[in-house]
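Peer 1: Here this note's numbering = 1-based position in the sequence shown + 1.
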Amino acid sequence: MPTITDLLSPAQLAGYAAFLLGLLCFGQTDDRRFKLFMALECLAYALHFAMLGHPSAAASSLVSLARSMAAIRWRRPAVGVFFIALGLGMGYALYSGWLSMLPILASCIGTFSLFFLHGLAMRMLMLVGTTLWLVNNVCVGSVGGVLLEASLLSMNLWTISRLWRRQRRSS
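Structure below.
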């Protein structure tokens with residue numbers, strides 16, 4: 002059982018920052034602001050996982066950070082393919098068992114979502130990546146990460162319902 006000191010360690014504090022930024026991210030209905038907040042969340046997540054000693058999750062978060070920033074400006078399929086290949090390459094280089102692949106797969110799914118989808122479809126596929134991150138975070142003891150991904154599941158479902166209702170009203 003973690004102690005209060007463990008729960009307030011610098012690594013966990015970075016996870017809590019990612020948690021707050023993630024809530025702001027998935028509450029956005031504007032795709033550009035969604036991607037900007039996601040980039041900030043990824044930065045906090047990369048620091049968090051680096052301090053926890055999980056290099057594949059830290060690397061995946063850095064790829065996701067760069068991907069989110071690139072997705073603001075470029076939605077070209079070639080850019081998305083580049084980031085998927087980068088994520089898979091990092092996954093290969095940092096492979097240390099099935100757990101190390103969860104953040105890599107989540108990052109690749111997120112990349113596909115950001116570069117090839119938008120709106121409702123983008124957020125629905127992001128749910129799959131969120132689920133992979135949640136399993137990873139439970140397994141590695143990331144308190145902020147578990148809070149983040151569990152909240153993102155709920156927040157993203159809420160945003161999906163808002164977008165779905167808006168889409169239904171406009172058709």
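Where a beta carbon is used, it is the ideal one built from N, C-alpha and C, also for glycine.
Between the C-alpha atoms of Gly146 and Trp134, what's the straight-line distance to the nearest angstrom?
Peer 2: Walking along the sequence shown from the start, residue 146 turns up at place 145. Walking along the sequence shown from the start, residue 134 turns up at place 133. Gly146 and Trp134: Cα-Cα distance of roughly 8 Å.
Peer 1: With respect to the alpha helix (DSSP H) encompassing Asp32, which residues constitute its N-terminal and C-terminal limits?
Peer 2: Along the sequence shown, one-based indexing puts residue 32 at 31. Taken as a continuous stretch (DSSP letters only), the alpha helix (DSSP H) holding Asp32 covers 32-53.
Peer 1: Compute the Euclidean distance between the alpha carbons of Cys43 and Arg33, then round it to the nearest angstrom.
Peer 2: Within the sequence shown, residue 43 is the residue found at index 42, counting from 1. Within the sequence shown, residue 33 is the residue found at index 32, counting from 1. For Cys43 and Arg33, the distance between alpha carbons rounds to 15 Å.
Peer 1: Give every residue of the same chain whose Cβ lies closer than 7 Å to the Cβ of His119, excluding the five residues on either side of it in the sequence, and list them in chain order.
Peer 2: By one-based count along the sequence shown, residue 119 stands at place 118. Closer than 7 Å at Cβ, skipping near neighbours: Asp32.
Peer 1: Between Ala86, Ser101, Ser65, which has its C-alpha nearest Val141's C-alpha?
Peer 2: For the purposes of this step, residue 141 is taken as residue 140 along the sequence shown, with counting starting at 1. Measuring from the Cα of Val141, the nearest candidate turns out to be Ser101.
Peer 1: Extract the residue ranges of the alpha helix (DSSP H) inside the region 76-145, only unbroken runs of 4 or more that lie entirely within it.
Peer 2: 78-95, 99-117, 120-141
Peer 1: Is Gln29 helix, strand or coil when you go by DSSP?
Peer 2: Here residue 29 refers to the residue found at position 28 of the sequence shown. Gln29: coil per DSSP, three-state reduction.
Peer 1: Do you know offhand how far Trp99's Cα is from Gly90's?
Peer 2: The residue you call residue 99 lines up with position 98 of the sequence shown. The residue you call residue 90 lines up with position 89 of the sequence shown. Those two C-alpha atoms are separated by around 15 Å.
Peer 1: Report, in whole angstroms, the separation of the C-beta atoms of Ile110 and Gly130, which I expect to be a contact under 8 Å.
Peer 2: By 1-based counting over the sequence shown, the position of residue 110 is 109. By 1-based counting over the sequence shown, the position of residue 130 is 129. Sure, about 4 Å apart at Cβ, within 8 Å.
Peer 1: Straight-line CA distance for Phe116 to Leu149?
Peer 2: Locating residue 116 in the sequence shown gives position 115, counting from the first residue. Locating residue 149 in the sequence shown gives position 148, counting from the first residue. Looking at the two C-alpha atoms, the distance is approximately 23 Å.
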